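Numbering (the working numbering), first residue to last: 102 to 445.
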């Protein structure tokens with residue numbers, strides 16, 4: 102017996118950009134069997150009405166599953182495969198490995214920032230194939246697309262991340278990345294904003310992005326600077342992707358910090374001009390807060406910082422940096438230093 106579900110009288114949005122229309126969607130097994138109106142009286146041959154569960158969707162929207170294009174769910178899909186925070190929002194696909202940080206291909210017991218954002222005991226996959234096998238075994242409730250992190254590649258192939266990679270090290274990173282792309286990775290991400298990748302010149306990124314281009318992948322980037330030098334950072338990202346012949350995705354585009362609010366009047370026209378010569382896209386989150394690792398250089402006394410985790414002081418989770426500094430009788434930058442590794 103084939104089980105089926107008929108979603109009726111909902112606002113059907115088909116994902117093409119066309120306006121939604123009131124109608125029905127018939128699901129047979131795991132597949133969409135039909136989209137239209139009055140489908141209850143038009144069931145396909147072999148499907149009895151007694152085998153169909155009817156759901157009245159009046160006043161509701163029926164849409165394709167949403168894709169969460171910017172996540173750090175790399176370990177979460179393994180440890181919490183039910184993925185309730187995502188599926189409860191209609192998200193059916195997550196993209197992992199953003200901001201230059203991916204679980205594969207790197208094995209380490211105690212990952213350094215910003216890798217530790219993904220979990221202290223999560224880096225146990227020496228290849229994207231090994232990570233894929235773990236995902237398949239976990240059977241998460243969402244589809245998973247994997248980006249390979251530039252920072253992860255640097256950790257895997259370099260002994261000193263405060264400098265540019267040598268030609269030999271770049272070759273090693275390219276070889277690892279090629280294996281990952283052959284294993285089904287969707288592309289590469291960078292997090293040039295973070296210290297372990299900040300020393301990487303554009304030429305290093307371009308070499309790696311050319312590997313991605315050969316496989317039809319994408320290059321996503323957490324820009325080198327989202328504050329005062331955001332225009333220069335956007336130019337760098339656009340030029341790198343253009344030189345490599347790869348589509349560019351700007352991650353969580355924003356002009357960070359009160360001094361830069363409103364500068365999207367400059368950045369958006371620049372992004373449009375870049376898109377005139379190459380494929381460019383961006384994602385944006387709909388709030389003024391951000392989340393990253395704790396860093397003294399980001400503490401300015403203007404932006405409120407809420408500590409989300411701290412390894413040496415877990416009891417400070419949920420408190421503001423200002424209140425912690427007051428309690429300790431130190432400046433906020435010193436409090437930030439004491440709380441590391443941590444996040445906000």
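By construction, the Cβ of each residue, glycine as well, lies at the ideal position given by its N, Cα and C atoms. Owing to the predicted nature of the structure, the values given are computational and were not obtained by experimental measurement.
- In the three-state reduction of the DSSP assignment, residue 290 falls in the strand class, which pools E and B.
- The residue from 305, 194, 425 and 263 with its alpha-carbon nearest to that of residue 414 is 425.
- According to the DSSP secondary-structure assignment, residue 411 is paired through a beta bridge with 443.
- Within the same chain, Cβ atoms closer than 8 Å to the Cβ of residue 299 are found at 293 and 325, the five residues on either side in sequence being excluded.
- Residue 229: member of the alpha helix (DSSP H) spanning 229-239, first to last residue.
- Per DSSP, the unbroken beta strand (DSSP E) holding residue 124 starts and ends at 122-129.
- For the set 221, 126 and 182, the Cα lying nearest the Cα of residue 411 is the one of 221.
- Bridge partners of residue 244 according to DSSP: 194.
- In this structure, residue 156 lies away from residue 193, with their beta-carbon atoms at least 7 Å apart.
- By the Cβ criterion, the segment 414-423 is not in contact with the segment 372-381, since fewer than three pairs of Cβ atoms, one from each stretch, lie closer than 8 Å.
- Your pair residue 386 and residue 349 does not check out as a contact, with CB atoms roughly 18 Å apart and the cut at 8 Å.
- Taking residue 364 as reference, the option from 338, 328, 380 and 395 with the minimal CA-CA separation is 328.
- Out of 121, 104, 117 and 103, the CA that lies nearest to the CA of residue 111 is found in 121.
- When the five nearest sequence neighbours on each side are left out, the beta carbons in the same chain lying within less than 8 Å of the beta carbon of residue 178 are those of 184, 195, 197, 236, 239, 241, 243 and 245, in order along the chain.
- No Cβ-Cβ contact shorter than 7 Å links residue 256 with residue 282.
- Annotation for residue 376: the continuous alpha helix (DSSP H) segment containing it runs 365-376.
- Here residue 157 carries a strand assignment [DSSP, helix/strand/coil].
- Bounds of the beta strand (DSSP E) holding residue 105 are 105-113.
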